[in-house]
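In this text, residue positions in the sequence shown follow the numbering used here: the first is 2, and each later residue adds one.
Ideal Cβ positions, reconstructed from N, Cα and C, are used throughout, including at glycine.
To start, the structure under review is shown below, and the notes come after it.
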Amino acid sequence: MSTRTPAALPREVPGDTAMWIFIFAELVTFALFFGVFAWFERGDPAGFAAGRADLHATTGLINTLVLLTGGATALAGVRSLERTGDGLQAGRWFLAAVFAGLVFSLIKLSEFAGLFAQGRHLSSSSFHFFYFFLCFIHLAHVWLGMALLLLARRHKASGTSARERLSSWQAAASYWHMVDLVWLVLFPLVYLGGGQ
């Protein structure tokens with residue numbers, strides 16, 4: 002029986018260093034985009050409020066819940082792999098996260114289509130430019146996250162150690178959580194307003 006306490010166990014960052022450098026760079030980039038958005042909003046609060054009136058916060062909230070559900074299932078997949086080593090069971094959790102990404106994508110594309118049908122596009126106003134730009138860039142990251150989850154899921158034990166396989170799953174899930182984190186800033190900033 003081991004007498005090691007949880008504090009004495011070795012601590013490792015999940016995934017791999019390259020993924021964490023990439024995640025950090027992505028977060029810095031989005032922070033800059035958000036800063037520019039806030040700067041422009043400060044210069045035209047009425048225009049941004051008018052543009053924001055075209056959006057439906059309920060849709061953004063639903064997408065928030067969908068993405069967070071995907072994050073929870075990605076985490077469940079990693080935890081399942083850690084506990085059992087069963088890639089099939091863990092892979093089902095990753096598929097659920099990919100499904101959440103698909104639902105998010107369909108809702109977001111439907112939202113874009115609705116705005117286009119109203120005659121709103123990138124050149125309608127500064128707000129609309131930033132809305133479409135930020136949301137599309139984020140959506141592209143959702144798609145990349147889905148691809149990483151699917152690639153990690155396909156990462157079978159053949160030719161790789163269990164540790165390498167777990168690392169690839171952790172890296173994919175960590176990226177997915179970065180996508181969640183970005184949305185948790187983007188949603189209130191763009192849909193709800195930052196306050197003057």
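If we ignore side chains and look at the alpha-carbon of each, how far apart do residue i and residue j end up?
i, j, result
"TRP94", "ALA77", "6 Å"
"LEU33", "PRO189", "16 Å"
"GLY86", "ARG154", "13 Å"
"GLY71", "ALA39", "28 Å"
"ILE22", "LEU193", "31 Å"
"ALA141", "TYR176", "13 Å"
"GLU27", "VAL186", "14 Å"
"MET179", "ALA98", "14 Å"
"ILE138", "TRP184", "11 Å"
"SER125", "GLU42", "15 Å"
Measuring CB to CB, does residue i end up less than 7 Å from residue j?
i, j, result
"ALA172", "ASP17", "yes"
"LEU110", "ASP181", "no"
"GLY52", "PHE113", "no"
"PHE133", "LEU123", "yes"
"ALA91", "LEU103", "no"
"PHE105", "ASN64", "yes"
Determine the DSSP secondary structure at residue i, reduced to helix, strand or coil.
i, result
"PRO7", "Confidence in PRO7 is poor, its pLDDT being 46 and thus under 50, which makes the residue's placement unreliable; the coordinate value appears in the next sentence. Helix."
"ARG53", "helix"
"PHE137", "helix"
"LEU110", "helix"
"LEU123", "coil"
"ASP181", "helix"
"HIS129", "helix"
"HIS156", "coil"
From which residue to which residue does the alpha helix (DSSP H) around residue i run?
i, result
"LEU193", "Run containing LEU193: none; DSSP gives neither H nor E here."
Exercise. Which ranges would you report for the alpha helix (DSSP H) in the stretch 29 to 108 if only whole runs of at least 4 residues count?
Worked result: 46 to 53, 58 to 85
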